[in-house]
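Per my numbering, the sequence shown starts with residue 771, numbered consecutively.
Ideal Cβ positions, reconstructed from N, Cα and C, are used throughout, including at glycine.
Computed from a predicted model, the values in this text were never measured in an experiment.
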Amino acid sequence: MIDFYTWTTPNGRKVSILLEELGIPYTAHAVNIGKDEQFAPEFLAISPNNKIPAIHDSETGQSLMESGAIMLYLARKHGRFLEEGGEEWRVVEWLMWQMGGFGPMLGQTHHFHHFNPGKADYAEDRFLKETARLYRVLNDRLEGREYLAGTGAGNYSIADMAIWPWASRFEWQSINLDEYPNVKAWYLRIAERPAVQRGYAVPKDVGPIPMP
Ligand SMILES: N[C@@H](CCC(=O)N[C@@H](CS)C(=O)NCC(=O)O)C(=O)O
């Protein structure tokens, strides 16, 4: 059984979507980061960087923080969404692209542009430009491909699951998905998946998936 510590954010949803896609039993524990629950000593014991998501696997005794590490662990443990299709390193490559770029940079756009507009023009401009550049890279990668690591339905992987929840905040990022047609088609394809719809509503339902 997996104990899963999370909140209603893209980094949390990456893992809840994977858990739902795997169809394995888990218990979601809400860690309200708006109320500083991420600093509780019990949570810090498994997530010393005081951030969600984190897991504890009672079957193996493994605790993990960092969504990328958690996704690799669960995909490897269950033999799904990583090696399938023979493109394992391509999956890891795009997972790391999300961890190092599409998450942190878009997170700065949320901070400066969505939550604090007008307070730091330089930062807003810098991160909006970087966000648009990353969407262009994503759009180019998805040219002729259904998923990040391959052309066909069997290539859906943890790379897609990691990137998609960040794209679901396109409105906060002032991104018009019509300007990125490959991203839009990929986004809608993934949004149709029942596991994604269930995972999006963990640890609580805060409304429907944003539709472009
Ligand atoms: N690199 C980390 C980032 C996790 C992260 O930034 N989590 C945010 C929510 S999306 C958080 O817990 N913030 C609480 C805080 O910064 O105190 C991962 O991918 O797991």
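If residue i and residue j are in contact, beta carbons under 8 Å, what's the gap, nearest whole angstrom?
i      : j      : result
VAL861 : ALA919 : 5 Å
PHE851 : GLU791 : 7 Å
ARG783 : GLY969 : 6 Å
TYR775 : ILE822 : 6 Å
MET875 : LEU842 : That belief does not hold up - the Cβ atoms of MET875 and LEU842 are roughly 21 Å apart, past 8 Å.
VAL966 : LEU912 : In fact, because the Cβ distance is near 17 Å, the residues do not count as touching under 8 Å.
ALA932 : GLY838 : 7 Å
Applying the criterion that 16 or more other CB atoms from any shown protein chain within 10 Å of the CB defines a buried residue, is residue i buried or exposed?
i      : result
ASN802 : exposed
TRP859 : exposed
GLU863 : exposed
THR879 : buried
SER938 : buried
PHE885 : exposed
MET866 : exposed
PHE809 : exposed
TYR892 : exposed
VAL907 : exposed
SER817 : buried
For residue i, report the span of its beta strand (DSSP E) as first-last.
i      : result
THR832 : It should be noted that the sequence gives Gln, not Thr, for residue 832. GLN832 -> beta strand (DSSP E) spans 832–835.
Report yes if the C-beta of residue i is less than 7 Å from at least one heavy atom of ligand 3; otherwise report no.
i      : result
ARG963 : Ligands displayed in this structure: ligand 1; ligand 3 is not among them.
Just to confirm the assignment, what range does the alpha helix (DSSP H) spanning residue i have?
i      : result
ASP895 : 891–911
THR879 : 874–879
TYR970 : 964–970
ARG787 : Correcting the residue type first, residue 787 is Ile in the shown sequence and not Arg. 780–792 is the extent of the alpha helix (DSSP H) around ILE787.
Closer than 7 Å between the C-beta and any heavy atom of ligand 1: which residues qualify, listed along the chain?
Counting only heavy atoms of ligand 1, the residues whose C-beta sits closer than 7 Å to one of them are, along the chain, TRP777, THR779, PRO780, ASN781, GLY782, ILE803, GLN808, ASN820, LYS821, ILE822, PRO823, MET835, GLU836, SER837, GLY838, MET869, GLY873 and GLY877.
Touching or not, the stretch 971–978 and the stretch 831–838, by the rule of three or more beta carbon pairs under 8 Å?
In short, these stretches do not touch, since the Cβ pair count stays below three.
Is there contact between the stretch 923–935 and the stretch 974–981, where contact requires at least three CB pairs shorter than 8 Å?
When C-beta atoms of the stretch 923–935 are compared with those of the stretch 974–981, fewer than three pairs fall below 8 Å, so the two segments do not count as touching.
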